[in-house]
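**Q**
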Amino acid sequence: MEPKAIIVAGNGINSDAELAEAFRLAGAAPERVHLADLVAEPERILRARLLGFPGGFSYGDHLGSGQVLALLCRRALKAALMRFVDEGGLVIGICNGFQALAKMGMLPNRGPAEGREAWEREVSLIHNAEAHYVDKWVPVRFESASRCVWTRGLEPRHLPIRHGEGRFVARDAATLAALESGGFVALRYGFNGASGAAPGAAPGAALSPDNPNGSEADIAGICDATGRVFGLMPHPEASLVPENHPDRRRPHHEPTGLDLFERGVAAARDAL
Amino acid sequence: MRIETYFARPELDGRSGGLAARLERRLVRPLSLRIVDVILTDFPVPRPLAEELFRDPVVERVAELPAPQEPGLGPWDWLVEIAFKPGVTDTLALTAREAFAIGLGAPLSESATVQTARLYVLALPAETGERGVLKGLYPDRAAVEAAFAPLWNPLIQVATFLSRREWEAGARLPDLYPTVSIADPAEPELIDLVAMDDVSLARLSSERLLALSIPEMRAIRAYYERPETQAARAAAGLPREATDVELEMLAQTWSEHCKHKIFNAEIEYEERVAPGEEPRRELIRSLFKTYIRATTEELAPSRPDLLSVFTDNAGVFRFDEEYVVCMKAETHNSPSALDPYGGAITGIVGVNRDILGTGIGAAPLFNTDVLCFAPPSTPDEEVPAGLIKPRELLAGVHRGIVDGGNQSGIPCAAGAFVFDESFMGKPLVFCGTGGIMPARINDRPSWEKTVRPGDLAVMLGGRIGKDGIHGATFSSLALDESSPVTAVQIGDPIIQKRMSDFLLEARDAGLYAGITDNGAGGLSSSLGEMAGESGGARIDLAACPRKYPGLSPWEVLVSESQERMSLAVPPDKRDAFMALARRRGVEASVVGEFTDSGWVEIFDGTRPVGLLALAFLHTGLPTMSLRAVWCAQARPAVPLSPRESWNDELLAVLADPDIASKEPLVRYYDHEVKAISVEKPFTGCYRDAPSDGGVVKPRYDSYRGLTVTHGIAPRLSAEDPAAMALAAVDEAYRAHIALGGDPDRAVALDNFCWPDPVESPENPDGAQKLGGLVRACRALREACLAYGLPLVSGKDSMKNDATAGGRRISVKPTLLVTVVGITGDVRKTPSTDFLGAGELLYLVGEGGGWELGCSVLERVLAARSSAHLRGEDARRARASFSLGAAPRARPRQHAPTYRALARAISGRAARSVHDLSDGGLAVALAESCLGGRLGAEVRLDGLAEDIAESSAERGLGPTELAARLLFSEVPGRLLVAVRAEDRERFERSMSGEPCRLIGKTSVEARLRATLAGKALIDLGLDALERAFKTPIV
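Residue numbers (my numbering), protein chains in the order written: chain E, 1 to 272; chain A, 1 to 1033.
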């Protein structure tokens, strides 16, 4: 039985087709649903096992990346989203989707585990240190100690980034330290950790030369307390086939981005 | 009220750091800059709501005091606030309205005002005199204004500068900026054409910006004189005189932009190829029909994949059994010259709409952009007053392309930057879009559309304002100081994305029957065109939604407000169509009905304001008669001084802006969205070597690909636009081959950008420019026939001149050729970078000559030779420096060579392929070496023997010979790397075609090229890389 995946679309979201394809290739049954239709019928979310917030420019990112989409979700979909996660649903937010999850407070959402308020806004994705959009393939590595169910055991690889506001920041040093020690960090820029990005590293510690945007502790993606809600700036769904890879003509052993979706789909099956 | 947000920790605002550095260069150092984002409303907003809507609580604060008094922003010396002028599209404010609607749970009232502004809070060093660049001088208003000048465009924005002193004296920033206020619209004006003589007709055309000629005005007058016209008018309740609505509709429909009058003109052509020779005379009935349409028609029998050409927004051809693709390219030169950002963004979203309006509606698949400017390094004193500096033009256009493409979610597949002094007056901004759709939709061929009598005329998308009024006629005029501000529009990719998502959904549900975009000429063009299908239309201008009151009916009809499409909706689909539009947040209005009456009837409510016979509207335009001459001009060569090594020349050529890496600019473009990218703009192990073009894989379930390549060679027009056009077609087609394209499955687009080719007192050499156009069209035909390349769509922009500082600046005649083709299997797509050491290097193809004229080497040496001169003297010296004749492509000779190479690539015998273009063989070698971080060892002796055998170049001295071998830009050639074990296979594939082994790749990181045992080039990769990565901005 293929678990159903809802891919949010509309209002400036633009990577919904390839995210749906990634889920299809990974064994899910994706359905692209317009935001307006979700707002009209939030319980629709509960009929799926996976939910994807794709990349794009929701509402033009005019008031800050993901800001208005997050506002809409907090106002219109919060109850359904909370129930969806409580019932074992999996959520992925990529790029603009990650920005929206962070600005909703759905990430890192340490609340339930630590007796805090749910959906507290603790992290953000702000203008790149170089303050402009950038498209390139960057090396990333996955944290083996992370709670994230989407990234367990994944090999390091290159993935494309395409963003102008991908600089990960935490509210303060204590929050960052808690994310590090609590296994919320799922992936980082750079193939090796010799950059001073050790767990608990103070903000301002040396960053990897492969860090494309000045993200604190080279963080490229985080998950929530359940490990099922996951957001990342790089685009695994834009690495669907080996021909997408810039080293397509050279021998290399990097997988595409598909295994990440396979992990998610497998976890969705297990949770059934 | 003002809602002001700013970053609590200044070091986190990435935007301010880079900007502060730029201001420091212009003003004083060190300074500190804070950015405050401002939302202005004419209604109170409770603080918690403002915080929820507009603040990122992790990093931002909402000011509690007026921002300049916020302790968090620190001390300051100057405030600079930039906001929009009334009526200019403020995309942020539109989104802020949506945020209010979500936050308040109900939409804002139409009368509520929301605006946005950006406030820069500038602190100068306390002791400016000691530490600053402007020693002893505290930067005054003029200095601050000058430093901020590149940040705003006075045409569309207002800037407020407030000093600390003024603030302390009580001056404040506005609580609200002025909104559009227009007195009640003028009554439709009546114009008694019948009573007018030629002088009055000419005055009317010029005063109303109709851009119509005397013969055209006379034709209109004659139309009103006809008894049948008058009888119909009387019956419709219209006066005898023409209404302004009718005249404006005619002017838009008959504009050069829409009707391509020059390409359809009757041309008396006279050609003198050699001095003293008897001229050849010819009458050309239409350049378009003779050289463009005829070319495609001639090729059509062997190209069943062509499905729709010359009838729609874009040509449509078959991708595979299940899908069809289409492609269109446009220019947006004039708007970009006025507002580089808005002009470029509108260019991109505009050509996207062409694709959405092709057939029953295709989905945009990829964008292309080719941008031509004067070199950004042009010294300010060489830029005539009144023109935007080239580097600022480049920055603004680039930002527009970035926002327009990225926010639309359409990957940039290919493009180029081209630099030439002649683009100082008008930049060339070519925006292209490729689209895809299923071959059949709702059981009908998707490339067909219908508009039937009785279908409703529906306008979809944004509201109508004064934006872009007279865009079509304006682009048909030369720029001068009185160019209308309303000619500028700013596109909003997000509104359009929403509309395009909706359209594809409505298309698949079969909710409409016909569609076209609203571009130049607005509704007058789109509805006029669709009326041509059904046989008439009734339009009610009062039903068209407006941004603000006060528009005259004619303004509603011709406004080019963005993000609009026109559709034909069958009456039984009306409710479903409108309901879906509402659900998707897209405004749709029924503005009339298509008929078969033979008339376009225009109403303002119930009052008739216009009536035009459809036949006259579409076919009444008189054919233009023009004179063209061509006198060939020789370009005598300056002799080259002897030299042993060409290292310095290669480094200088690599650093030339046409060749130097554009990666820092191109990385701003999204080329990965949709997950279809295969060959990307930059390639190689460090992804920093240029590729020959783009390859995308449109279907997730197939390895079939599309190649997207360009050819553009304006430098060659200094000698002959025919050489320029041949080179453009050859370069684009050759790159298609280099990317593994199927030689028989490519199509081409022609985009001409010409200096005004109509002779007049202000334009005395117009006939020669038109002569150049004739030659370019012929060359285009010759090359397309040789390569089997049908021309499936094209466009021309014929007034690329500017008068500034008393000087007329005309662009070099430029033809951009875009080739889109099929490649059977993207797993075999080669690239330009070398893959391994010890691979054999071949030079494939022969140019037929090794000319150096109009090359980058010529430009580099010209700059050196005039380095001691300044201003106008330097310009003249550069223009007269020549290395002789320009090279010329020989498509009939090249075609079989390309075919053989295509076989070799398809058989995987060729590993790396790079076309030779700017900078010739030396640059191709350098780029391929850099891509693979491998060296190459090349012996040029064999090629020198080939040259010695060719009669044209016999008897060259060693200096001339070396320069030609290394830097000649003769078309038709490619550099190919082959593994030693594939040698035999490769040579067998190429047998009978010109193909010479010239060397080998090596692990040593050096490029060496020798002739007769002497090293002409001997450079390490690090030196090549440094030169190639010379910043162009």
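Where a beta carbon is used, it is the ideal one built from N, C-alpha and C, also for glycine.
(1) Taking C-beta pairs closer than 9 Å, name the residues in chain E that Gln407(A) reaches, listed in chain order.
(2) Between Pro234(E) and chain A, is any beta-carbon pair separated by less than 7 Å?
(3) Which class does Ser928(A) belong to by DSSP, given the choice of helix, strand or coil?
(4) Consult DSSP for Trp599(A) and reduce its assignment to one of helix, strand or coil.
(5) Say whether the stretch 673–691 of chain A touches the stretch 830–847 of chain A, bearing in mind that this needs 3 or more beta-carbon pairs closer than 8 Å, one atom from each stretch.
(6) List, in order along the chain, the chain A residues whose C-beta lies closer than 7 Å to that of Asp135(E)?
(7) Closer than 8 Å is the cut-off here; do at least three beta carbon pairs connect the stretch 114–131 of chain E with the stretch 165–173 of chain E?
(8) Any residues in the stretch 364–382 of chain A with a beta carbon nearer than 7 Å to a beta carbon of chain E? Which ones, in chain order?
(9) Taking the runs of the alpha helix (DSSP H) that are 4 residues or longer, which of them lie wholly in the stretch 602–674 of chain A?
(10) List the residues of chain A whose Cβ lies closer than 8 Å to the Cβ of Val123(E), in chain order.
(11) For Leu72(E) and chain A, any beta-carbon pair shorter than 7 Å?
(12) Going by CA-CA distance only, name the one from Phe191(E), Leu159(E), Ser208(E), Ala145(E) that's closest to Glu180(E).
(13) Given a threshold of 16 other Cβ atoms within 10 Å of its Cβ, counted over all protein chains shown, does Met530(A) qualify as buried or as exposed?
(14) Have a look at Ala542(A), Ala513(A), Ala588(A) and flag the residue whose alpha-carbon is nearest the alpha-carbon of Phe594(A).
(15) Note down the Cα distance separating Ile441(A) from Thr823(A), rounded to an integer number of angstroms.
(16) Determine contact between the stretch 606–616 of chain A and the stretch 846–857 of chain A, defined as no fewer than three beta-carbon pairs at a distance below 8 Å.
(17) Quick check: what's the CA-CA separation for Glu130(A) versus Leu23(A)?
(18) Between which two residues does the alpha helix (DSSP H) harbouring Pro215(A) extend?
(19) Exposed or buried, which one is Ser336(A) when buried takes at least 16 other CB atoms within 10 Å?
(20) Alpha carbon to alpha carbon, how far is Arg964(A) from Ala1015(A)?
(21) Taking Ile494(A) as the reference, which of Gly404(A), Arg353(A), Leu40(A) has the closest Cα?
(22) Can you check which of these residues, Glu11(A), Glu278(A), Ala101(A), is closest to Glu60(A) by C-alpha distance?
(23) Nearest CA to the CA of Lys466(A): which residue from Ala886(A), Gly992(A), Asp1022(A), Pro86(A)?
(24) For the stretch 863–877 of chain A and the stretch 1007–1026 of chain A, state whether three or more C-beta atom pairs, one from each stretch, are separated by less than 8 Å.
(25) By Cβ distance below 6 Å, which residues in the same chain neighbour Arg878(A) in space, the five residues on each side in sequence not counted?
(26) Ordered along the chain, which non-local residues of its own chain (more than five positions away) have a Cβ less than 7 Å from that of Phe616(A)?
(27) Give me the DSSP bridge partner(s) of Val418(A).
(28) Going by CA-CA distance only, name the one from Lys795(A), Val600(A), Gly592(A) that's closest to Asp312(A).
(29) Can you check whether the C-beta of Thr897(A) is within less than 7 Å of a C-beta belonging to chain E?
(30) At least one CB of chain A closer than 7 Å to the CB of Gly166(E): is that the case?
(31) Taking the beta carbon of Glu839(A) as the centre, do at least 16 other beta carbons fall within 10 Å, making it buried, or is it exposed?
(32) Does the beta-carbon of Leu665(A) have 16 or more other beta-carbons within 10 angstroms, so that it is buried, or is it exposed?
(33) Taking 7 Å as the threshold (beta carbon to beta carbon), is Asn96(E) in contact with chain A?
(34) So is Val133(A) buried or exposed if we call it buried at 16+ other beta carbons inside 10 Å?
(35) Please report the distance separating the alpha-carbon of Val566(A) from that of Pro445(A).
(36) Candidates Thr378(A), Gly766(A), Arg875(A), Val273(A): which alpha carbon is nearest Ile1032(A)'s?
**A** Concretely, from the data shown:
(1) As a working mapping, residue 407(A) is identified with position 407 in the second sequence. Those are Gly12, Asn14, Gly56, Phe57, Gly60, Asp61, listed as they occur along chain E.
(2) The count along the first sequence starts at 1 and reaches residue 234(E) at position 234. Cβ-Cβ to chain A under 7 Å: no for Pro234(E).
(3) Walking along the second sequence from the start, residue 928(A) turns up at place 928. Reduced to three states, the DSSP call for Ser928(A) is helix.
(4) Mapped onto the second sequence, residue 599(A) falls at position 599. DSSP places Trp599(A) in strand when its eight states are reduced to three.
(5) yes
(6) Translated into positions along the first sequence, residue 135(E) becomes position 135. Per Cβ cutoff of 7 Å: Arg667, Tyr669, Asp670, His671, Glu672.
(7) yes
(8) none
(9) 614–619, 647–655, 663–666
(10) Here residue 123(E) corresponds to residue number 123 of the first sequence, with the count starting at 1. Within 8 Å Cβ-Cβ: Val58.
(11) By 1-based counting over the first sequence, the position of residue 72(E) is 72. True, the Cβ-Cβ gap to chain A drops below 7 Å.
(12) Translated into positions along the first sequence, residue 180(E) becomes position 180. Considering only alpha carbons, the answer is Ala145(E).
(13) Residue 530(A) sits at position 530 when you count from the first residue of the second sequence. Answer is buried; the Cβ neighbour count reaches 16.
(14) Within the second sequence, the letter at position 594 stands for residue 594(A). Cα-wise, what sits closest to Phe594(A) is Ala513(A).
(15) Here the question's residue 441(A) lines up with position 441 in the second sequence. Here the question's residue 823(A) lines up with position 823 in the second sequence. Taking the straight line joining both Cα atoms gives about 25 Å.
(16) no
(17) Indexing the second sequence from 1 puts residue 130(A) at position 130. Indexing the second sequence from 1 puts residue 23(A) at position 23. Any reading at Glu130(A) must be qualified, since the residue scores a pLDDT of 38, below 50, and its modelled position is unreliable; the value itself is stated next. Each residue's alpha carbon lies about 18 Å from the other.
(18) Taking the first residue of the second sequence as 1, we reach residue 215(A) at position 215. It spans 214–225 - the alpha helix (DSSP H) in which Pro215(A) sits, taken as one unbroken run.
(19) For the purposes of this step, residue 336(A) is taken as the residue at position 336 of the second sequence. Classification for Ser336(A): buried.
(20) If you number the second sequence from 1, residue 964(A) lands on position 964. If you number the second sequence from 1, residue 1015(A) lands on position 1015. Using only the alpha carbons, I get a separation of about 15 Å.
(21) If you number the second sequence from 1, residue 494(A) lands on position 494. Here the closest residue by C-alpha is Gly404(A).
(22) In the second sequence, the residue the question calls residue 60(A) occupies position 60. Ranking the options by Cα distance to Glu60(A), first place goes to Glu11(A).
(23) Position 466 of the second sequence, counted from the start, is the residue given in the question as residue 466(A). Closest by alpha carbon: Pro86(A).
(24) no
(25) Numbered from its first residue, the second sequence carries residue 878(A) at position 878. Closer than 6 Å at the Cβ level, and outside the excluded window around Arg878(A), lie Ala862, Ser866.
(26) Along the second sequence, read from residue 1 onward, the residue named residue 616(A) stands at position 616. Within the same chain, Phe616(A) has close Cβ partners Tyr223.
(27) If you number the second sequence from 1, residue 418(A) lands on position 418. In DSSP, Val418(A) forms a bridge with Cys372(A).
(28) Translated into the one-based positions of the second sequence, residue 312(A) becomes position 312. Nearest option by C-alpha distance: Lys795(A).
(29) Residue mapping note: residue 897(A) aligns to position 897 of the second sequence, counting from 1. Cβ-Cβ to chain E under 7 Å: no for Thr897(A).
(30) As a first step, residue 166(E) is located in the first sequence; it is residue number 166 there, counting from the start. Cβ-Cβ to chain A under 7 Å: no for Gly166(E).
(31) On the second sequence, position 839 is the one that residue 839(A) refers to. The residue in question, Glu839(A), is buried, as its Cβ has 16 or more Cβ neighbours within 10 Å.
(32) As a position in the second sequence, residue 665(A) is number 665, starting the count at 1. Buried, because 16 or more other Cβ atoms sit within 10 Å of the Cβ of Leu665(A).
(33) Within the first sequence, the letter at position 96 stands for residue 96(E). Not one chain A Cβ lies under 7 Å of Asn96(E).
(34) Residue numbering aside, residue 133(A) sits at position 133 when the second sequence is read from its first letter. With a pLDDT of 41 at Val133(A), under the threshold of 50, the modelled position of this residue cannot be trusted; read the value that follows with caution. Exposed is the call here.
(35) Residue 566(A) sits at position 566 when you count from the first residue of the second sequence. Residue 445(A) sits at position 445 when you count from the first residue of the second sequence. Here residue 566(A) is Ser; the residue named in the question, Val, does not match the sequence. The straight-line gap from Cα to Cα measures roughly 20 Å.
(36) For the purposes of this step, residue 1032(A) is identified with residue 1032 of the second sequence, where counting begins at 1. Per the Cα distances, Thr378(A).
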